[in-house]
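If you're matching them up, the sequences are chains E and H in order. Each residue of the first sequence is one higher than the last, beginning at 14 in my numbering. Each residue of the second sequence is one higher than the last, beginning at 26 in my numbering.
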Amino acid sequence: MKIPEEYRFSKDHEWARDEGDGTVTVGISHHAQDALGDIVFVELPAVGDEVEREQEFGVVESVKTVSDLYAPVSGEVVAINEELEDAPELVNDSPYEGGWIVKIAMSAPGELEELMDAEGYDEFLSGGD
Amino acid sequence: MSDQKRFRPEERVSQGLKFEEPLIFERSRPGKCGFVLGKADWDVEPVDEVAALGDLYREEAAELPEVTEPEVVRHFTRLSQWNYSIDTGLYPLGSCTMKYNPKVNEAMARLPGFARLHPYAPDEWCQGALELLYELERLLCAVSGLPACSLQPAAGAQGELTGLMCIRAYHEARGDSERTKIIVPDSAHGTNPASAAFNGFSVVELPSGPDGTVSPEAVAAAMDETVAGLMITNPNTMGIFEKEIQEICQIVHDGGGKVYMDGANMNAILGKARPGDFGIDVMHFNVHKTFSTPHGGGGPGGGPICVGADLEPFLPVPRIEKVEGKESPRYSRVYDQHPQTLGKVKAFFGNFLVYVRAYTYLREYGSDLPKVSERAVLNANYVRARLGETYHVAYPGRCMHEVVFDDSSYKGLGVSTLDVAKRLIDYGFHPPTTYFPLNVEGALMVEPTETESLQEVKDFIAAMEAIHEEAEANPEFLHEAPKSAFRVRLDETRAARKPVLTYRQFRDS
Chain E
14 MKIPEEYRFS
24 KDHEWARDEG
34 DGTVTVGISH
44 HAQDALGDIV
54 FVELPAVGDE
64 VEREQEFGVV
74 ESVKTVSDLY
84 APVSGEVVAI
94 NEELEDAPEL
104 VNDSPYEGGW
114 IVKIAMSAPG
124 ELEELMDAEG
134 YDEFLSGGD
Chain H
26 MSDQKRFRPE
36 ERVSQGLKFE
46 EPLIFERSRP
56 GKCGFVLGKA
66 DWDVEPVDEV
76 AALGDLYREE
86 AAELPEVTEP
96 EVVRHFTRLS
106 QWNYSIDTGL
116 YPLGSCTMKY
126 NPKVNEAMAR
136 LPGFARLHPY
146 APDEWCQGAL
156 ELLYELERLL
166 CAVSGLPACS
176 LQPAAGAQGE
186 LTGLMCIRAY
196 HEARGDSERT
206 KIIVPDSAHG
216 TNPASAAFNG
226 FSVVELPSGP
236 DGTVSPEAVA
246 AAMDETVAGL
256 MITNPNTMGI
266 FEKEIQEICQ
276 IVHDGGGKVY
286 MDGANMNAIL
296 GKARPGDFGI
306 DVMHFNVHKT
316 FSTPHGGGGP
326 GGGPICVGAD
336 LEPFLPVPRI
346 EKVEGKESPR
356 YSRVYDQHPQ
366 TLGKVKAFFG
376 NFLVYVRAYT
386 YLREYGSDLP
396 KVSERAVLNA
406 NYVRARLGET
416 YHVAYPGRCM
426 HEVVFDDSSY
436 KGLGVSTLDV
446 AKRLIDYGFH
456 PPTTYFPLNV
466 EGALMVEPTE
476 TESLQEVKDF
486 IAAMEAIHEE
496 AEANPEFLHE
506 APKSAFRVRL
516 DETRAARKPV
526 LTYRQFRDS
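See the structure below:
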C-alpha cells in the first residue's frame, strides 16, 4: 500500500494527519496493522483526556499480540472513532481512513514537524526497526 | 534399530477413529437423567422444599443438560481424546518448559496422608505435611541461593505480585515513599509489567540491546532515587543468559533499589548458577515449569518466592518453623511473630499437593539436579545447531534451554510462522511458541526440555526440515495445514471479536 504523502509518522508506527485547525487525526500505519495481524479490539481513551507525545493513550489487541498505542503528538483528545468498538477490523481494512483512532487538539504544534514525512517513514521501514 | 534410518514424518501421523462430539447441551433431552433413586425404598418423611429453602427456592428449573451417566462419561472422554498433552508427545512450547511429569509424583500426591489431609487440621496432626513444606522451602533456598522462602503464592504471576509487595514494604519500612517506578526490559513476559502496575508502580520499559540482552549502561541510565527496583528474567525470554547480571544488580543496589528475578527460565541454570549469588533480592519459581508439577488448564499452580535477608520480615504468614525436640523436631505454622508481614496472599498454604509433587521431583534428582539443566541446554543447542542450517536463528551464539528462530528463511516464500506451526501438527508434534518474544519478527520459540531423547529431538528436527522443503516447493499447501487434525484452522479473529461463551449465546446466535 502506498504511504499517503500528506501524513506524518512516528517511529512507533502511528500516523498523524494535520486537519489545518490545530487538530490532528491519529491512526496506525499499514505496516503496523499488517505486522499485528487481525485486530480484535481497540481500547480507546476518553474525549477530554490529555495525552503526551510518546506516551501510551490506548491499546490495540490482535490475534497475535497486544500493543500499546503511543501518541505521536501531545494534546487533548477531542474525538474518538467509536465505530472501532464494534468494528475493530476497520484498522486492518482502512488504516489511513476509516480506521482512524483519535483526533488530538495539539498543545505543541511544533511536534508535528518533528515526525517523519512519508518518504522518511518509507526509508525507516526499509531500514528495519 | 539403526540410527541411520531416515525419519519419515508421514509415519508419525495416525488415522485412528475420530469421534465427533456435540456440546453436552445438544445431547440433552427432557427427562433423561443419570440415575433414579427408588422413592419406595425411602423410610423418611418428604421434605417441604419450598418451606425449607424459603427465598432460595427457584421457580424455574435450572437449564442444565439432561443426560445419562454413560453419556456424560463418553462426552468428556471423547473431548479428552481430542487433547494433546505431554503424555501424547513432544511439546516444544518455548518459555513454558513443558517437561514430562513423572508418574511417581502423582503416586506421592495421592498418598492418603497428604491427599486427605484437612487444611484446618491442627499442627500436631499434620507434622509430616509441615515437614515436607519446611524441607521444600530449604531445597528452594538451596537452589536460589537466597535465605528465606514462602510457598504461599498460587502461581508465578502471584509470586511476582507478592515479591514486589515485599519490595514496596521494604522501602516503606525505611520511610522511603518516593520510589514509585519499576524497570522492566522490553523482552519480559507480560505478567512482569502487569504485576508492577497492579502494585501501584509505574513501569519504565528498558530496550534490549542488539544481542537480545540488557546492558548495564541502559540500567544505569534508567536508575534514580524514584526507582523501587528492576524486574529481570534470567536466562531471558530469548533463551540467553544475561552475562552482565552481577553488574546490573550492583547498579540497582547502588541506586537504592532491589532486583526481582522472574524464575520462568530456571530450568537452564539449576545447580549451575544461583540467583542469590549473582545479586538477586527476590525471585519466584514456576514449579509447574521447573519442577515437573502438571500444567493444569490454568491451575492449580505454584509460585513460591525466595527472598534475601532484607526482605524476609515482609514474607506472608503463616511461616513454617522447626523446633528441635527431645526425640524429633516439631513443625508449626507461625502467624504472630512477624509484625512486618504482608499477611496472607492465599488461603491456607498455597496449593499443597502441587508442592508434594515438586518435593518428590527434587528429592528424586537430589545432587543430580544440575544434570536437568545440562541436558535441557544440550537439547536446545542441538536443535539450534541442526535447525539453524535451514531456519534462521534470531540471535547468534549459544542459547540456554530454548532457541528462538525468526521468519526470515521462509517469509519471502509467502509462508508465515503460523503456517509452519500448523503444519507441524500434521507431523504429530505440538507447535512451538509463535510470535513471542515480540521483538523477534515471526518468532518461533523452541524448548525441547531435558526429558526428550535424542531420537525424539531428531524426529522433531526432521519434521521441521520437511516443512521447510514443503514451503520451498509449494507454499500454498502450507496455508491449508493442518490436514489431519480434528479441527483445522479455527477462526480466531471471529472468536475474539464475537465470542460465544455460553450455551445460551450459542442457542440464540
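The beta-carbon is built from N, C-alpha and C at its ideal position, and this holds for glycine as well. On a predicted model such as this, the values are computed, not experimentally measured, just so you know.
Run through chain E and tell me which residues come within less than 9 Å of residue i, C-beta to C-beta.
i       : result
Y205(H) : First, the residue type needs correcting, since residue 205(H) is Thr and not Tyr in the sequence shown. Result: empty, since nearest Cβ-Cβ is about 16 Å, beyond 9 Å.
At which residues does the alpha helix (DSSP H) containing residue i begin and terminate?
i       : result
F485(H) : L479 to A498
A131(E) : A131 to S139
D533(H) : Y528 to D533
S398(H) : L394 to L412
K347(H) : Careful: K347(H) lies outside any alpha helix (DSSP H), inside the beta strand (DSSP E) at R344 to V348.
Output the distance between the C-alpha atoms of residue i and residue j, rounded to the nearest integer angstrom.
i       : j       : result
P178(H) : P172(H) : 17 Å
E45(H)  : A77(H)  : 43 Å
G71(E)  : D62(E)  : 11 Å
K347(H) : E162(H) : 12 Å
F137(E) : K24(E)  : 8 Å
L118(H) : T476(H) : 13 Å
I450(H) : S87(E)  : 47 Å
T187(H) : R52(H)  : 45 Å
R512(H) : I93(E)  : 39 Å
F303(H) : V53(E)  : 42 Å
F339(H) : R193(H) : 10 Å
F139(H) : S353(H) : 20 Å
G328(H) : L189(H) : 13 Å
A247(H) : L231(H) : 8 Å
E203(H) : F223(H) : 17 Å
E69(E)  : V79(E)  : 13 Å
E414(H) : G50(E)  : 28 Å
E96(H)  : V61(H)  : 15 Å
M26(H)  : G237(H) : In this prediction, M26(H) scores a pLDDT of 47, lower than 50, which makes its location untrustworthy; no coordinate-derived value is stated.
I492(H) : D201(H) : 57 Å
F310(H) : L82(E)  : 32 Å
R448(H) : P507(H) : 5 Å
M470(H) : C58(H)  : 47 Å
A146(H) : A219(H) : 36 Å
What is the DSSP secondary structure of residue i, reduced to helix, strand or coil?
i       : result
W150(H) : helix
M26(H)  : Per-residue confidence for M26(H) stands at a pLDDT of 47, beneath the threshold of 50, marking its modelled position as unreliable; no derived number is given.
P354(H) : coil
A173(H) : strand
T205(H) : coil
T38(E)  : strand
R54(H)  : coil
C166(H) : helix
H143(H) : coil
I16(E)  : coil
V91(E)  : strand
V53(E)  : strand
G288(H) : strand
G254(H) : strand
F377(H) : helix
G123(E) : helix
F454(H) : coil
H44(E)  : helix
V76(E)  : coil
I294(H) : coil
Residues of chain E with CB under 8 Å from residue i, in chain order?
i       : result
N185(H) : The sequence given here has Glu at residue 185(H), not Asn. The premise fails here: E185(H) is roughly 18 Å from chain E at the closest Cβ pair, so nothing lies under 8 Å.
Name the chain H residues whose beta carbon is nearer than 7 Å to that of residue i?
i       : result
K77(E)  : Y460
P101(E) : R522
D51(E)  : T518
Below 8 Å on the Cβ atoms is my contact criterion, and I expect residue i with residue j to pass it. Report the Cβ-Cβ distance as a whole number of Å.
i       : j       : result
G453(H) : G41(H)  : That pair is no contact at about 12 Å.
L255(H) : I208(H) : 4 Å
V21(H)  : V428(H) : An answer regarding residue 21(H) cannot be provided, because it is not within the stretch 26 to 534 covered by chain H.
K369(H) : V342(H) : 7 Å
V37(E)  : I114(E) : 11 Å between Cβ atoms; not a contact.
N290(H) : P260(H) : 4 Å
V408(H) : V482(H) : 6 Å
G296(H) : S169(H) : Actually they are not in contact, since the Cβ atoms of G296(H) and S169(H) sit about 11 Å apart, beyond 8 Å.
Just the chain C side, please: which residues come within less than 8 Å of residue i by C-beta, in chain order?
i       : result
D130(E) : The structure shown has no chain C; the protein chains it does contain are E and H.
What residues of chain E sit near residue i, judged by a beta carbon separation below 7 Å?
i       : result
L463(H) : T78
What first and last residue would you give for the beta strand (DSSP E) that runs through residue i?
i       : result
K116(E) : V115 to M119
S105(H) : Element bounds for S105(H): not the beta strand (DSSP E) but the alpha helix (DSSP H), E94 to Q106.
F430(H) : V428 to D431
F310(H) : V307 to F310
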